[in-house]
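First up is the structure itself, then whatever we jot down about it.
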Amino acid sequence: MFDILRNSENAMRAFESGLKINTANMGNMSTIGYKSIQYNFQSIFGQVLNNGSSGSASHGGTNPVQQGQGVSLSAVKIDFSQGDLGAGGKLDLAIQGNGFFIVSASQGDDYFFTRAGNFTWNNNGYLVNSSGRKVYGFPYIGNEQYAHSMEPIYLENNRDAGWQFDGSDGILVKNYEKSKNGDPSQPVYKIALTDFSNRSGLLQHDGTTFRATSSSGPAFAPCFSQEQGLGSAISGSVEKSNVFFIGETIDATETQRAMQASLTSMKIASQIIDNVIQMLGN
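Just so we're on the same page, this note's numbering is the position in the sequence shown counted from 1, plus 1.
What follows is the structure in structure tokens.
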């Protein structure tokens with residue numbers, strides 16, 4: 002009976018972790034660039050009661066018999082499927098397809114990576130994301146060419162309302178209103194994108210920012226949008242969360258029912274133990 006209590010306790014912990022993931026996903030339904038977390042449960046077999054046997058001319062064989070030791074959380078991974086695009090501001094970008102924006106990292110990391118393209122200027126003249134991390138791009142060097150090395154996007158005179166991203170290439174330009182009338186605009190940067198051989202190996206640093214791990218492998222060499230299999234950087238748009246609310250609700254409901262079943266098992270086992278103790282006491 003004590004095994005039943007321990008197994009039920011392990012199951013309750015696993016189900017609680019699953020509900021926390023569902024809650025986090027549903028709580029970030031409106032978070033720009035958020036990628037939902039998916040999970041599965043796995044059965045734990047801790048004891049083999051019978052290894053089974055092969056058959057003979059006179060007797061049939063037997064199958065192995067295992068006794069389960071509960072359930073645990075398994076296969077927790079980030080869902081990097083494309084989110085819908087929504088309207089954004091002049092400095093906002095959305096990646097349609099593969100890729101990540103590159104932003105400055107905390108001490109100990111070279112860069113962090115994100116799909117959230119809601120950008121703005123900080124008071125020092127740098128383009129930053131919602132967490133204040135600097136956004137990287139390739140500076141314009143003239144003759145329709147950009148530098149091969151990326152750097153944090155910086156403009157000394159950044160309060161000019163004429164600065165904004167243009168088109169699907171992630172090009173930051175000045176005098177955008179003039180360019181719409183056929184007059185020349187002034188490109189200054191082109192957004193830098195990258196990707197990974199194993200996106201599922203990325204570690205979620207916060208809700209929308211990721212860091213590379215040995216599992217993800219290093220980031221590919223930074224390049225322009227629509228190159229090396231990367232997607233387009235759509236100006237004036239943002240990528241919405243890819244959380245499927247109905248699916249999260251169904252998963253949470255099923256997990257809650259499983260928790261109730263485990264709790265019932267605990268109560269039954271506890272009641273039997275109490276009855277045995279009372280019988281021994283009498």
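The C-beta atom is built at its ideal place from N, Cα and C for all residues, glycine as well.
Keep in mind the model is a prediction, meaning the values are calculated, not measured.
Does the Cβ-Cβ distance between S1 and D80 come in under 8 Å?
-> For the chain, the structure presents residues 2 to 283; residue 1 sits outside this window and is missing.
Is the stretch 91-101 touching the stretch 229-239 in the sense that three or more CB pairs, one from each, lie closer than 8 Å?
-> Touching, yes.
Can you tell me the Cα-Cα spacing of L20 and Q227, whole angstroms?
-> 38 Å
Could you tell me the distance, in whole angstroms, from the CA atom of S54 to the CA atom of N64?
-> 7 Å
Sort out for me which residues DSSP pairs V104 with in a bridge.
-> F113 and V136
Under a three-way DSSP split, which group does F16 fall into?
-> Helix.
Please determine if the stretch 128-140 and the stretch 183-197 are in contact, where contact requires at least 3 C-beta pairs separated by less than 8 Å.
-> yes
C-beta atoms of L74 and Y40 nearer than 8 Å = Yes, these two residues count as a Cβ contact at 8 Å.
For the beta strand (DSSP E) that A95 lies in, which residues bound it at each end?
-> L94 to Q97
Roughly how many angstroms separate the alpha carbons of M267 and M260, rounded to a whole number?
-> Using only the alpha carbons, I get a separation of about 11 Å.
If you draw a straight line from the C-alpha of T265 to the C-alpha of K78, how long is it?
-> 30 Å
Would you decide whether Q108 is buried or exposed? Buried here means 16 or more other CB atoms lie within 10 Å of its CB.
-> exposed
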